[in-house]
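One structure is given here, and the rest of the page talks about it.
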Amino acid sequence: MRKVARDIDEYLESVPEPAFSTHCSFFPYGAPLIKEFKRDLEGFQTSEGTVRFPPDQPLSTTLVKKFIRTRVVQNEGQKKR
Numbered sequence: 006m007r008k009v010a011r012d013i014d015e016y017l018e019s020v021p022e023p024a025f026s027t028h029c030s031f032f033p034y035g036a037p038l039i040k041e042f043k044r045d046l047e048g049f050q051t052s053e054g055t056v057r058f059p060p061d062q063p064l065s066t067t068l069v070k071k072f073i074r075t076r077v078v079q080n081e082g083q084k085k086r
């Protein structure tokens, strides 16, 4: 559990979340994640590696956790190679 928490903290520290006057951006590190969560992202503007959302309509905590869990699993797989 502690290792996963450390991995999540490391991931969150490395994920840029810039804010602009009209939107905020979330960069989940890669188009494959955007595609994988396409249904969850309906209603949000996306591009190859970016999710944009209005400041008053943030991404849900549940969705962000899904992104994080998926990236942790992917990172663990890469470390084993």
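Residue numbers (my numbering): 6 to 86. Ideal Cβ placement from N, Cα and C applies to all residues, glycine included.
Bounds of the beta strand (DSSP E) holding F58 are V56 to F58. If you look at F49, you'll find it isn't in any beta strand (DSSP E); DSSP assigns it neither H nor E. Only residues of its own chain outside the window of five on either side were considered, and among them F32, P33, Y34, G35, A36 and I39 have a CB closer than 8 Å to the CB of G54, listed in chain order. Using a Cβ distance threshold of 8 Å, F58 and H28 count as a contacting pair. DSSP places L38 in the uninterrupted alpha helix (DSSP H) bounded by A36 to E41. In chain order, I39 place their CB closer than 6 Å to the CB of T51, counting only its own chain and leaving out the 5 sequence neighbours on each side.
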